[in-house]
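Quick note on numbering: the sequence shown equals residues 15 to 455 in the numbering used here.
We put the CB at the ideal spot given by N, CA and C, even for glycine.
On a predicted model such as this, the values are computed, not experimentally measured, just so you know.
For reference, the structure is listed below as structure tokens.
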Amino acid sequence: MGSPARRPGRSLTPSRRAVILPRELRGAARRPAARASSPAEAIKQLRAAPSSRGAACGLRSPCAPRKRADHGVAPGREVPATARCARERPTPATSACSTVVTVCDLQSSASEGPHPESLFAETGTRFSPSSYLILLDQCLPPEKLTKREKRLKGKIVVALRKLNNQIQEAQMRQDWLLEENKQLQKEKLLVEAESKSILDYLTESSKHRERKCEELWKDYFQQYHELEQRKQELASRYEKETSDLNVQLLRGEKVQYKLEQRLQALKNIAAIKERQDRRIQSLQEQIERIPAETHVKDREAHFQFLQQRAFLEQKIKELDLVRELLRERKRGELGGKAQALEYIAQKSHFEFCRGFYRENQQLRRKLKPLLQEAQKLEATQTWLENQKQQLKQRQWYQETIIRGRRRLQSRQDQSPKQQGAPKNTVHPPLDTSQHPRGSRK
């Protein structure tokens, strides 16, 4: 069996929980074995790196050229000093990875010997950051360093502090993993003791399931025959109802075609009504302008009449004065002139009044047909509104018929499903070749 099954009704104790490794440990466990060395070797490298003279070769003076045949370098070719120093110095990432121990290593060590603590025996020696700094000061005295070398030294100090923190974290993880390994060994013994009883339980349950499967197959075949009979009955009923629905659909399409023709005719009527509405609006605007224009013309004519009247009165007064002055000398001549002027004034007043009256009569004659046309347009508007209301009623009736047919069809489609029809029933497509709209297209 791949994984031991637990007996029902039994829960895991806190000591039997699954081990969950941190992300750093999982990443370190998946790295190649060539890069993961023991913690003791990592500490030895850290001790040897700052004490060697080659660590400061890239800071003050270039190192002596050395010939190497590894890492893909030809024997007769010299390696740069900075590259050699970078290879010789251990990086913080590799040092931290070297201190990581996975669960697989713990399990292998547990299977090889009874003391898994021997894996971490060499990691007991610890170095404080002060010893690293002393070594660094000895190798790189601050009095002889340039600014760039001082910055590099500061970066090295920060890296050493980070490395020390990583070493402490790795040692804490080491203690935690040892404790977890002990718990896993205890749990392994308990699981092996339970495996026998679980195997017996599984054999009994498998036999019971075989018997139950045979009974279920018998019930399945019986239900299958019943469903086949029911399927044939529903198929015949579906074909009959489909033919009836096709007949009703053709009738409804014919009615819809007639209603569409009427709708087109009513659209033409609506266009005529719209033009008539615009004409009515323009006539109403003209009717509204006529009284204002008439009032303005009346005022202008009255103003002209008053001006002429004042002018004539002034003339009459002047003539009266002249008449009084020359009454004795030319009584006959002045009297004749005054009568002539009075006659001219009366005649001009009469002609002005008669012209104003004629103009008023002409405006009334023009207004009368406009009023008649407005009445006719109002009657046409009421008739069109009635037609529009009838069209809305017809459309509502048509939509009601369509909704009723859809509802009836949905009920007929749902009734076979409720009576036990299978879901994979293929419905034949409706025959829409006799659709009047399709023939028109």
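A straight line joining the alpha-carbon of Leu191 with that of Leu159 spans about 44 Å. In the three-state DSSP reduction, Thr396 falls in the helix class (H, G or I). Bounds of the alpha helix (DSSP H) holding Leu320 are 161-339.
Beta-carbon to beta-carbon, Val171 and Leu149 are separated by about 12 Å, too far to satisfy the 8 Å threshold.
Here Asn282 is exposed: its Cβ has fewer than 16 other Cβ atoms, across all protein chains shown, within 10 Å.
Of the residues assessed, Ile358 falls on the exposed side of the cut-off, its CB having fewer than 16 other CB atoms within 10 angstroms. Scanning His309, Leu216, Lys361, Arg303 for the CA closest to the CA of Arg323 turns up Lys361. Per DSSP, reduced to three states, the secondary structure at Pro155 is coil, with no helix or strand assignment. Annotated as proximal: Leu391 and Ile294, with beta-carbon spacing under 7 Å. A contact between stretches requires three or more CB pairs, one per stretch, nearer than 8 Å, and the region 323-332 fails this requirement with the region 392-403. In this structure, Ala315 places its C-beta atom within 7 Å of the C-beta atom of Phe370. Taking 8 Å as the upper bound for CB-CB distance, Gln401 and Leu277 are not in contact here, some 11 Å apart. Across the structure, Gln185 and His222 are spaced so that their CA atoms are roughly 53 Å apart. In the assembly as shown, Leu339 is an exposed residue. Its beta-carbon has fewer than 16 other beta-carbons within 10 Å. Of the other Cβ atoms in all chains shown, 16 or more fall within 10 Å of the Cβ of Ile181; this residue is therefore buried. Between the alpha carbons of Glu253 and Gln426 lies a distance of about 12 Å. By the C-beta criterion, the region 288-307 is judged not to be in contact with the region 406-426, since fewer than 3 inter-stretch pairs fall below 8 Å. Sixteen is the threshold: since fewer than 16 other Cβ atoms of the shown chains lie within 10 Å of the Cβ of Lys226, the residue is exposed. If you draw a straight line from the Cα of Lys164 to the Cα of Asp189, it is about 38 Å long.
In this structure, the straight-line span from the alpha carbon of Ile415 to that of Tyr238 is close to 41 Å. The Cβ atoms of Leu297 and Leu384 lie closer than 7 Å to each other. Straight through space, the alpha carbons of Gln376 and Leu335 are spaced by roughly 43 Å. Counting the other CB atoms within 10 Å of its CB gives Leu213 a total below 16, which places it among the exposed residues. Counting the other CB atoms within 10 Å of its CB gives Asn195 a total of 16 or more, which places it among the buried residues.
In this structure Lys268 is exposed. Its beta-carbon is surrounded by fewer than 16 other beta-carbon atoms within 10 angstroms. About 59 Å separates the Cβ atoms of Gly266 and Arg378, ruling out a contact at the 8 Å cut-off.
Ser219 and Lys232 have their C-alpha atoms roughly 20 Å apart. Straight-line spacing of the CA atoms in Gln404 and Leu398 works out to 10 Å. Just so you know, the alpha carbons of Glu413 and Gln270 end up roughly 10 Å apart.
Leu177 counts as buried, since no fewer than 16 other beta carbons sit within 10 angstroms of its beta carbon.
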